[in-house]
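Residue numbers (this note's numbering): 5 to 338.
Think of the CB as a built atom: it goes at the ideal place given N, C-alpha and C, for glycine as much as any other residue.
What follows is one structure encoded as structure tokens, with my remarks underneath.
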């Protein structure tokens with residue numbers, strides 16, 4: 005039964021990774037698609053390549069997910085499976101409605117819910133949860149907004165004498181670089197979450213043995229997760245791309261470059277410290293900051309309301325959903 009559960013966990017984890025790719029690919033390619041700097045096909049191939057590259061560049065976020073938030077002594081394959089099923093369901097629901105919600109918070113909420121009902125409140129490492137999830141969850145949107153606003157103001161100050169059509173023509177190449185950096189940072193942060201979960205499952209099932217106090221990601225897990233997310237990105241997530249690229253504000257090459265540079269710098273910094281950040285929240289609030297610098301009234305507040313609602317509800321909804329799923333599946337033998 006253990007091997008069946010392990011296979012189920014790996015399959016659902018890779019499904020989550022794939023869905024994460026097309027659900028969150030808007031984070032890295034929405035701006036270049038909406039401004040028509042790249043065609044949709046060019047954008048997804050470009051984004052997928054850099055997503056896969058970014059996934060191979062670090063392991064700090066994977067360690068936080070795999071061995072930081074939940075006590076490893078109480079984790080089981082059932083707990084992991086329920087968390088993954090929850091995250092997959094939530095991602096599909098929000099994708100269907102075109103809401104750029106957080107795949108990271110969906111997975112973390114799923115882990116919290118299933119671990120709690122399995123082993124109680126003490127299995128949750130609250131210091132790690134607060135430092136690397138809760139505080140960044142509230143701080144990152146504010147930081148994203150402020151950095152986007154500052155970068156856009158700097159661009160406007162530097163190029164205020166140039167005609168808008170000249171600025172946007174020259175910024176097309178800059179935007180391609182900025183979008184690539186965003187894709188790289190997204191792969192570095194988001195793909196690692198699946199790596200951490202799969203490695204956690206392999207350790208739990210006894211397939212690999214870790215020295216006490218260590219949590220290392222096998223190279224084959226890195227490669228499989230990187231490639232899976234890249235294929236997910238190539239499949240596209242056009243509903244969310246439309247929301248990110250035009251429904252918040254109408255992006256131009258200069259504003260798209262400003263938002264991508266702002267968001268990628270924040271995500272890269274968070275990844276270095278092992279913080280499983282919501283790239284969705286950072287990108288969307290960076291776009292809002294850019295829009296405010298241009299003209300506050302250009303931001304469509306009804307769309308922002310929907311995004312904020314999804315942001316607030318993701319973790320509590322996924323905790324609840326995971327508890328229900330675990331209650332249904334808990335009779336599966338260990």
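- In the structure shown, residue 279 falls within a coil segment according to DSSP collapsed to helix, strand and coil.
- Distance from the CA atom of residue 277 to the CA atom of residue 67, rounded to whole angstroms, is 11 Å.
- The criterion of a C-beta distance shorter than 7 Å is satisfied by residue 182 and residue 261.
- Counting only the Cα atoms, residue 23 lies some 20 Å from residue 271.
- The beta carbon of residue 225 is closer than 7 Å to those of 199, 202, 203 in its chain, skipping five residues each way along the sequence.
- Nearest in C-alpha terms to residue 149, of all of 48, 285, 128, 209, is 285.
- By alpha-carbon distance to residue 141, the top candidate from 157, 112, 159, 163 is 112.
- The three-state reading of DSSP puts residue 74 in strand, counting E and B together.
- Your pair residue 268 and residue 294 does not check out as a contact, with CB atoms roughly 13 Å apart and the cut at 8 Å.
- Judged by pairs of C-beta atoms under 8 Å, the segment 325-334 does not touch the segment 189-198, as fewer than three such pairs exist.
- Under the DSSP definition of a beta bridge, residue 128 partners with 74.
- A buried status is given to residue 55, since no fewer than 16 other beta-carbon atoms sit within 10 Å of its beta-carbon.
- Judged by their CB atoms, residue 6 and residue 78 are not nearer to each other than the 7 Å cut-off.
- Each of 259, 25, 218, 75 was checked against the Cα of residue 35, and the nearest Cα belongs to 259.
- Residue 237 is positioned such that its CB atom lies no closer than 7 Å to that of residue 21.
- Note on residue 43: under 16 other CB atoms within 10 angstroms of its CB, so exposed under the neighbour-count rule.
- When the Cα atoms are used, residue 108 and residue 290 turn out to be separated by approximately 18 Å.
- According to the DSSP assignment, residue 135 belongs to no alpha helix (DSSP H), since it is labelled neither H nor E.
- In the three-state reduction of the DSSP assignment, residue 211 falls in the coil class.
- Residue 116 is not a Cβ neighbour of residue 208, given a cutoff of 7 Å.
- If you draw a straight line from the Cα of residue 255 to the Cα of residue 75, it comes to about 44 Å.
- When the alpha-carbon of residue 62 is set against those of 188, 33, 50, the nearest one is in 188.
- Here residue 316 is exposed. Its C-beta has fewer than 16 other C-beta atoms within 10 Å.
- The Cβ neighbour count for residue 152, taken over all protein chains shown within 10 Å, is at least 16; the residue is labelled buried.
- With respect to the C-alpha of residue 323, the residue from 86, 18, 19, 37 having the closest C-alpha is 86.
- The C-alpha of residue 292 is placed about 25 Å away from the C-alpha of residue 320.
- Closest by C-alpha distance to residue 114, out of 92, 229, 288, is 92.
- Closest by C-alpha distance to residue 146, out of 214, 71, 329, 288, is 288.
- In the displayed model, residue 39 falls within coil according to three-state DSSP, outside both helix and strand.
- If you draw a straight line from the Cα of residue 69 to the Cα of residue 221, it comes to about 12 Å.
- Cβ-Cβ separation between residue 229 and residue 59: approximately 6 Å, consistent with a contact (criterion under 8 Å).
- Of all alpha-carbon atoms in 71, 177, 83, the one lying nearest the alpha-carbon of residue 130 is that of 71.
- Nearest neighbour of residue 94 by Cα position, chosen from 299, 110, 121, turns out to be 110.
- With a cutoff of 7 Å on beta-carbon distance, residue 39 and residue 257 are scored as near each other.
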